[in-house]
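Undergrad:
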Amino acid sequence: SVQINNLPATISRSKMSTILQFLGIDTIDSENIEMKPYEYNGQMMQKAKISSNSVEQLDKIKNTVKEQKIQLTQGITMKMAYEKKVKEKPVQKGNTQQQQDLIKNSDSICIIDFEAFTSSPLIVSEIGMVRIQQNRIVAQLHTFFEPAEQNVDQMTGAYFTKKNITRIPLPIDPEFAQLKPIIRPKQFQDFLSFLVKFQTLSSTELQNLKSPLIQIFSPFEKALTPILAAKGVEMERKVIAKWKLPFQVFEIADVCALKSKQMNLNQIHSNRKFFYCEFHSQLPKELKTVLLKGKQQNAHCALDDCVFLAKQFCGVEIEVEADVETKQKVEKEN
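Positions in the sequence shown are counted from 1; adding 46 to them yields our numbering.
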């Protein structure tokens with residue numbers, strides 16, 4: 047790991063990840079960053095401990111920090127480099143006037159969510175998308191991905207941590223045959239083209255493609271100004287950038303504010319109705335719960351999060367089901 051001292055007390059893990067991204071280190075996400083507060087000359091500061099399985103990546107962080115004239119142990123903080131980079135390339139937060147206009151004038155919103163085999167290196171395992179048009183959920187897209195052989199070789203113990211969260215197996219596992227639909231490595235470039243079509247084509251045009259990846263719920267017209275939205279855009283932006291797609295991903299809370307919508311985003315992980323894909327729906331009961339950060343959670347499914355957010359966005363009343371931890375408390379009380 048690499049430790050960086052003398053950081054402002056206001057820098058969060060997600061902001062630290064953004065700072066690293068603007069310094070050209072774009073494969074460290076917030077879960078690999080630990081922020082620890084401390085007092086220095088009567089002032090509250092923080093130090094960041096950055097972890098990675100790649101020695102090369104850690105060396106890159108050290109060298110980049112030195113190139114930016116930021117000392118690892120004292121003196122100038124990384125905030126200065128962050129501000130310098132922002133001047134060169136403004137942060138895409140969905141809060142510029144142009145971006146606000148894009149959100150306000152959008153005629154279609156696709157809520158997107160990814161799950162991953164590992165986050166460092168970033169190897170995607172599952173995608174879910176739900177298309178909203180005229181305040182109606184009109185279509186959804188879902189698929190798994192077969193990792194390329196070289197990607198499987200890159201995976202370390204970090205994969206097994208992710209598998210405990212998503213329950214998504216590798217090709218060497220017998221359960222892998224249950225994953226469907228699935229994109230094979232040779233089909234990947236065609237899939238990227240299809241992502242654009244899912245956001246823009248009319249229902250008739252999409253039906254004519256006869257894709258097993260999508261479900262269409264009601265007729266809709268072609269979208270001229272579609273946007274992508276997610277809750278917590280860090281991974282989604284990284285994936286879109288890695289896939290070299292010309293999309294911006296907006297934080298769903300920003301979209302709600304600019305579209306005059308009200309959503310209880312806190313419910314997504316605490317209370318939910320399960321909108322699992324076929325694979326996650328068929329998991330044995332004992333595999334539908336996972337232990338994450340000392341707490342019981344329900345297994346993560348990309349489609350589940352998208353449908354839940356889309357229903358809330360459209361004002362569809364959701365009969366929520368308490369999460370595992372809440373259920374256990376209630377059972378104990380009774």
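The beta-carbon is built from N, C-alpha and C at its ideal position, and this holds for glycine as well.
For D350, does the count of other Cβ atoms within 10 angstroms reach 16, so buried, or fall short, so exposed?
TA: Classification of D350: buried, given that the 10 Å Cβ count is 16 or more.
Undergrad: Taking DSSP as the reference, what is the three-state secondary structure of T80?
TA: Thr is not the amino acid found at residue 80; the sequence shown has Glu there. If DSSP states are grouped into helix, strand and coil, E80 belongs with the strands.
Undergrad: Let me know the secondary structure DSSP gives A180 once reduced to three states.
TA: Just to set this straight, residue 180 is Gln in the shown sequence, not Ala. Reduced to three states, the DSSP call for Q180 is coil.
Undergrad: Around the Cβ of T64, are there at least 16 other Cβ atoms within 10 angstroms (buried) or fewer (exposed)?
TA: Its Cβ being crowded by 16 or more others within 10 Å, T64 is buried.
Undergrad: Among the residues of its own chain, which have a CB less than 7 Å from the CB of E379, if the five just before and after it don't count?
TA: Unreliable positioning characterises E379 in this predicted model, as indicated by a pLDDT of 42, which lies under 50. The coordinate reading is nonetheless provided below. Counting only Cβ-Cβ distances below 7 Å, and skipping sequence neighbours, we find nothing.
Undergrad: Run through DSSP, which three-state label would P381 get?
TA: Outside the displayed span of the chain (47 to 380) sits residue 381, for which this structure offers no information.
Undergrad: Tell me, please, which residues DSSP counts as bridged to H188.
TA: In DSSP, H188 forms a bridge with G174.
Undergrad: Should I218 be labelled buried (16 or more other beta-carbon atoms within 10 Å of its own) or exposed?
TA: Exposed, by the Cβ-count rule.
Undergrad: Of the residues Q261, F325, F163, which one's Cα is nearest the Cα of L225?
TA: It is F325 whose Cα lies nearest to the Cα of L225.
Undergrad: Out of K93, M175, V184, which one is the CA nearest neighbour of E161?
TA: That would be M175, whose Cα lies nearest to the Cα of E161.
Undergrad: Assuming F163 is part of the beta strand (DSSP E), what are its boundary residues?
TA: 154-165 is the extent of the beta strand (DSSP E) around F163.
Undergrad: Can you tell me which of K82, V242, K305, I149 puts its alpha carbon nearest to the alpha carbon of K290?
TA: Ranking the options by Cα distance to K290, first place goes to V242.
Undergrad: Mind the definition here: the region 266-281 touches the region 246-257 only if three or more C-beta pairs lie below 8 Å; say whether that holds.
TA: The region 266-281 vs the region 246-257: in contact.
Undergrad: Return the chain-ordered list of same chain residues with a C-beta closer than 7 Å to the C-beta of F263, the five sequence neighbours on each side being excluded.
TA: I183, V184, A185, listed in sequence order.
Undergrad: Within the continuous alpha helix (DSSP H) that includes E332, where are the two ends?
TA: Here E332 belongs to no alpha helix (DSSP H), and DSSP marks it neither H nor E.
Undergrad: Tell me the start and end of each unbroken alpha helix (DSSP H) in the region 215-295 that is at least 4 residues and wholly inside, in chain order.
TA: Those alpha helix (DSSP H) runs which fall completely within the region 215-295 and span 4+ residues are 234-246, 249-254, 280-288.
Undergrad: What three-state label does DSSP hand N197 in the structure shown?
TA: Correct three-state label for N197: helix.
Undergrad: What residue range does the alpha helix (DSSP H) around A94 cover?
TA: Here A94 belongs to no alpha helix (DSSP H); instead the beta strand (DSSP E) covers 89-96.
Undergrad: First and last residue of the alpha helix (DSSP H) that includes Q308?
TA: Counting along the chain, Q308 falls outside any alpha helix (DSSP H), and DSSP gives it neither H nor E.
Undergrad: Since L168 and K61 should fall inside the 8 Å C-beta cutoff, what is the C-beta to C-beta distance between them, to a whole number of angstroms?
TA: Actually they do not touch by this definition, with Cβ atoms about 19 Å apart.
Undergrad: Exposed or buried, which one is K375 when buried takes at least 16 other CB atoms within 10 Å?
TA: Low local confidence applies: a pLDDT of 40 at K375 is under 50, so the model's placement there is unreliable, and no value is given.
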